[in-house]
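> Handing you a structure now.
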Amino acid sequence: MTDLLLLIVSAALVNNFVLVQFLGLCPFMGVSSRIDSALGMSIATTFVLTLSSVAAYLLQSLLLIPLDVMWLRTLAFIVAIAVAVQFTELAVKKASPLLHSVLGIYLPLITTNCAVLGVALLNTNRAHTLAESVFYGIGAASGFSLVLILFAGVRERLQLADIPEPFRGASVALITAGFMALAFMGFSGMTRS
Amino acid sequence: MTVSMMSIGLGVLGLSAIGLIGGALLHQASKACRVNGNPLVDSIDALLPQTQCGQCGHPGCLPYAEAIADGEAINRCPPGGQATVDRIANLLGTDSLVLDADENIVDQDLVALIIEEECIGCTKCIQACPVDAIVGANKLMHTVIIDDCTGCDLCVDPCPVDCIDMVPRPKAPDFWMPQHPDLISSDRSRGVELQPESPCIRCGACATVCPVRLQPQLMLFALKGGALDHAVHEGLTDCVDCAACNAVCPSHIPLAEWFRLGQFQAKQVLIERKLSSEARERFENRNLRLKRIAAEQDLKRAARKTKSGEALEKARKAREAAS
Chain A
-10 MTDLLLLIVS AALVNNFVLV QFLGLCPFMG VSSRIDSALG MSIATTFVLT
40 LSSVAAYLLQ SLLLIPLDVM WLRTLAFIVA IAVAVQFTEL AVKKASPLLH
90 SVLGIYLPLI TTNCAVLGVA LLNTNRAHTL AESVFYGIGA ASGFSLVLIL
140 FAGVRERLQL ADIPEPFRGA SVALITAGFM ALAFMGFSGM TRS
Chain B
-6 MTVSMMSIGL GVLGLSAIGL IGGALLHQAS KACRVNGNPL VDSIDALLPQ
44 TQCGQCGHPG CLPYAEAIAD GEAINRCPPG GQATVDRIAN LLGTDSLVLD
94 ADENIVDQDL VALIIEEECI GCTKCIQACP VDAIVGANKL MHTVIIDDCT
144 GCDLCVDPCP VDCIDMVPRP KAPDFWMPQH PDLISSDRSR GVELQPESPC
194 IRCGACATVC PVRLQPQLML FALKGGALDH AVHEGLTDCV DCAACNAVCP
244 SHIPLAEWFR LGQFQAKQVL IERKLSSEAR ERFENRNLRL KRIAAEQDLK
294 RAARKTKSGE ALEKARKARE AAS
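Chains A and B are the protein sequences, given in the same order.
Counting in our numbering, the first sequence runs from -10 upward without gaps.
Counting in our numbering, the second sequence runs from -6 upward without gaps.
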């Protein structure tokens, strides 16, 4: 149990997918201009990440290894992730059309979010069990959500701040992201791997 | 690593199987999650000014809201002005566009005024008004109910004697906006030497003295950034105009003047929303009434037809009996 908790802490904070491993930067910059859309994106990504890490584990152990077709791993995972994302999109459209239109292109783009494929591939590389895969997925997702929502909060404040002209918009956002990455380096060394 | 034909075949089969299963699952899910209509339309419609003027090229505000939900440009509403475009952009999370209209008709709150001595009582303007804001009867003078007029100017063209003018809406005291916000009674208008304003240094002195425990510097940033909603969220409407923040500000920023101006703007937004919801109600009621009248006329016509049919039948029978 301690191992699983450590796995979550490691994936969420120490090896944060966005700020330490630099995966999933596209939605991190794209959907972070408002807190409510960042919250919606976090929930959608958490759902997809958890679902796809289970699906990837099942694919790996039930199909790829028995058939000895490990070279199809990336392709098979992308198919599973695409199905999970499409399902999420349908669910979001049904539950909150406003969120669906706010997230726009970034919702289907979760498919190509490298954090999602990254979790699936890292799970297989490290030979995680089913429980470990799920917890690793949840940890990665909570780390992504935490950083995305924090960043959205900072950017909402930045919109009202008196920023020198050349730094307005994307520049100051990137600088802020750099500072946040520096801050997250403070977690390094807390756990192994 | 050599890959055998067997392995390739298995891989293709396995991947196809995954694809098929995934496709079938998604098909079921899309059946279960089918959405009827688009609830987004209501949220957009609530932001439109409900003048029902048709300047966007649609017969009313609701059809335009539907068109926006289907992807039409959001900047086609001149009565709403730039503020409405910004609000819709905010709702949809897109970039705001510049209002697509003539400069001179933007930001003018107009109402129709009938020059009563010239009116001939033709009722054409009454039929044109989308919100039933004109009263009058055939060959009797008409007049505009100013509080209900949305300023859409649809009544101007039908008037055969050209007796309708568009004039600025008379301002009730609630609409009064301070033209010179620096005239508010505070140290700077009591003959005390005016200090030039310098940038905020985030000292927090204003927050310490505020008797209603607001965060004046946050409200100031919001107002300066044009985010009125954000300022209201920070408690702008609770400000009591005591100007204590002005007195302590080491940068001599006229905080109280900003807040006074912001409060007036916030109040005006509230009044505009109330007016537009009333206009929508009147427009919907009018459409219902027109539909009911049309249905009643259809019924009467049908009744007349069957009646005349029966009379013809009777006459024919009488003729047959006579012959």
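C-beta: ideal position from N, C-alpha, C; glycine also.
#1: Answer with buried or exposed for Glu289 of chain B, where buried requires no fewer than 16 other C-beta atoms within 10 angstroms of its C-beta.
#2: Just by C-beta distance, which residues in the segment 110 to 122 of chain B are closer than 7 Å to chain A?
#3: Could you work out which residue in B:Asp222, B:Gly73, B:Ala287, B:Asn280 is closest to Phe257 of chain B when comparing CA atoms only?
#4: Using a Cβ cut-off of 7 Å, which residues of the segment 26 to 46 of chain B contact any Cβ in chain A, in chain order?
#5: Per DSSP, Pro161 of chain B is paired with what?
#6: Does the distance between the C-beta of Cys142 of chain B and the nearest non-hydrogen atom of the ligand MG fall short of 7 Å?
#7: How would you label Ala315 of chain B, buried or exposed, when you count the other beta carbons within 10 angstroms and need 16 or more for buried?
#8: Once the 5 residues before and after Thr165 of chain A are set aside, which same chain residues still bring their CB inside 6 Å of it?
#9: Can you list, in chain order, the residues of its chain with a C-beta nearer than 6 Å to that of Gln48 of chain B? Leave out the 5 residues immediately preceding and following it.
#10: Residues of chain B with CB closer than 8 Å to the CB of Pro86 of chain A, please, in chain order.
#11: Using 8 Å for Cβ pairs, my map puts Pro336 of chain B next to Ala237 of chain B. What's the rounded Cβ distance?
#12: By alpha-carbon positions, which one of A:Pro55, A:Val136, A:Trp60, A:Glu154 ends up nearest to Ala0 of chain A?
#13: Using a threshold of 8 Å, state whether the C-beta atoms of Leu84 of chain B and Ala62 of chain B are closer than that.
#14: Residues of chain B with CB under 8 Å from Phe76 of chain A, in chain order?
#15: Are the Cβ atoms of Ile107 of chain B and Thr143 of chain B separated by less than 8 Å?
#16: Inspect the CB distances between the segment 71 to 78 of chain A and the segment 97 to 106 of chain A and report whether three or more fall short of 8 Å.
#17: Please tell me whether Gln49 of chain A has its Cβ less than 8 Å away from any Cβ of chain B.
#18: Which ranges does the alpha helix (DSSP H) cover as unbroken runs of at least 4 residues, wholly within the segment 233 to 288 of chain B, from first to last along the chain?
#19: Could you tell me the alpha carbon to alpha carbon distance between Val149 of chain B and Thr230 of chain B, rounded to whole angstroms?
#20: Please compile the residues from chain A whose C-beta is within a distance smaller than 8 Å of the C-beta of Ser244 of chain B.
#21: Taking the Cβ atom as the reference point for each residue, do Ala130 of chain A and Thr39 of chain A lie within a distance shorter than 8 Å?
#22: From what residue to what residue does the alpha helix (DSSP H) around Arg195 of chain B run?
#23: Which value, in whole angstroms, describes the spacing of the CA atoms of Asp180 of chain B and Ile246 of chain B?
#24: Out of B:Glu59, B:Ala220, B:Ile37, state which residue places its alpha-carbon closest to the alpha-carbon of Gly73 of chain B.
#25: Could you list the residues in the segment 71 to 97 of chain B with a C-beta less than 9 Å from some C-beta on chain A, going in chain order?
#26: Does the beta carbon of Ser0 of chain B come closer than 8 Å to any beta carbon on chain A?
#27: Look up Thr230 of chain B in the DSSP assignment and say whether it is helix, strand or coil.
#28: Measuring straight from C-alpha to C-alpha, what distance separates Ala84 of chain A and Ala22 of chain B?
#29: Relative to the C-alpha of Pro153 of chain B, which residue among B:Thr116, B:Lys267, B:Asp125, B:Ile127 is closest?
#30: Quick check on Trp251 of chain B: buried or exposed, where buried means 16 or more other Cβ atoms within 10 Å of its Cβ?
#31: In chain A, which residues lie with their C-beta within 7 Å of the C-beta of Leu3 of chain B?
#32: Between which two residues does the alpha helix (DSSP H) carrying Gly126 of chain A extend?
#33: Between Ala215 of chain B and Ile152 of chain A, what straight-line distance do the alpha-carbon atoms span, to the nearest angstrom?
#34: If you measure from the beta carbon of Leu61 of chain A to each beta carbon in chain B, is any gap under 8 Å?
#35: Quick one: give me the first and last residue of the alpha helix (DSSP H) that His20 of chain B is part of.
#36: Can you tell me which residues form a DSSP beta bridge with Val128 of chain B?
With the structure as the only source:
#1: Using a 10 angstroms sphere on the CB of Glu289 of chain B, the tally of other CB atoms stays under 16, which defines it as exposed.
#2: Look at the segment 110 to 122 of chain B: it has no residue with a C-beta under 7 Å from a C-beta of chain A.
#3: Checked all of B:Asp222, B:Gly73, B:Ala287, B:Asn280; the closest Cα to Phe257 of chain B is B:Asp222.
#4: Flagged, chain order: Cys26, Val28, Asn31, Pro32, Leu33, Ser36.
#5: DSSP, once it has assigned bridges, lists B:Leu103 as partnering Pro161 of chain B.
#6: The ligand MG is not part of the structure shown, which contains no ligands of any sort.
#7: Counting of Cβ neighbours within 10 angstroms places Ala315 of chain B among the exposed residues, the total staying below 16.
#8: Close CB contacts of Thr165 of chain A within its chain, under the 6 Å cut and outside five residues either way in sequence, are with Val143 (chain order).
#9: The residues Pro71, in chain order, have a CB closer than 6 Å to that of Gln48 of chain B in the same chain once the five nearest residues on each side in sequence are set aside.
#10: Those within 8 Å of Pro86 of chain A in chain B are Val28, Asn31, Pro32, Leu33.
#11: Residue 336 of chain B is absent from the model: chain B starts at -6 and stops at 316.
#12: Nearest neighbour of Ala0 of chain A by Cα position, chosen from A:Pro55, A:Val136, A:Trp60, A:Glu154, turns out to be A:Val136.
#13: Contact flag unset, no.
#14: By Cβ distance, chain B contributes Leu18, Leu19, Ala22.
#15: Not a contact, by the Cβ cut-off of 8 Å.
#16: These segments touch.
#17: Using beta-carbon distances, Gln49 of chain A does not count as an interface residue toward chain B, since no partner is under 8 Å.
#18: With a minimum length of 4 residues, the unbroken runs of alpha helix (DSSP H) contained wholly in the segment 233 to 288 of chain B fall at 237 to 241.
#19: Roughly 39 Å separates the two Cα atoms.
#20: Going along chain A, no residue has its Cβ under 8 Å from Ser244 of chain B, so there is no contact; the nearest lies around 12 Å.
#21: Yes. Within cutoff.
#22: Membership of Arg195 of chain B in any alpha helix (DSSP H) is not indicated, and neither H nor E is assigned to it by DSSP.
#23: Confidence at Asp180 of chain B is low in this model, with a pLDDT of 49, below 50, so its placement is unreliable and no value can be given for it.
#24: Taking each of B:Glu59, B:Ala220, B:Ile37 in turn and checking the Cα distance to Gly73 of chain B, the smallest one comes out for B:Ile37.
#25: Listed in sequence order: Asn83, Leu84, Leu85, Gly86, Thr87.
#26: So, interface residue.
#27: Here Thr230 of chain B carries a helix assignment [DSSP, helix/strand/coil].
#28: Going by the C-alpha atoms only, they are around 13 Å apart.
#29: Considering only alpha carbons, the answer is B:Thr116.
#30: A buried status is given to Trp251 of chain B, since no fewer than 16 other beta-carbon atoms sit within 10 Å of its beta-carbon.
#31: Those are Leu56, Val58, listed as they occur along chain A.
#32: Here the alpha helix (DSSP H) through Gly126 of chain A covers 119 to 149.
#33: Using only the alpha carbons, I get a separation of about 14 Å.
#34: Look at Leu61 of chain A: its C-beta is under 8 Å from a C-beta on chain B.
#35: For His20 of chain B, the enclosing alpha helix (DSSP H) covers residues -2 to 25.
#36: Residue pairing for Val128 of chain B: DSSP places it in a beta bridge opposite B:Thr136.
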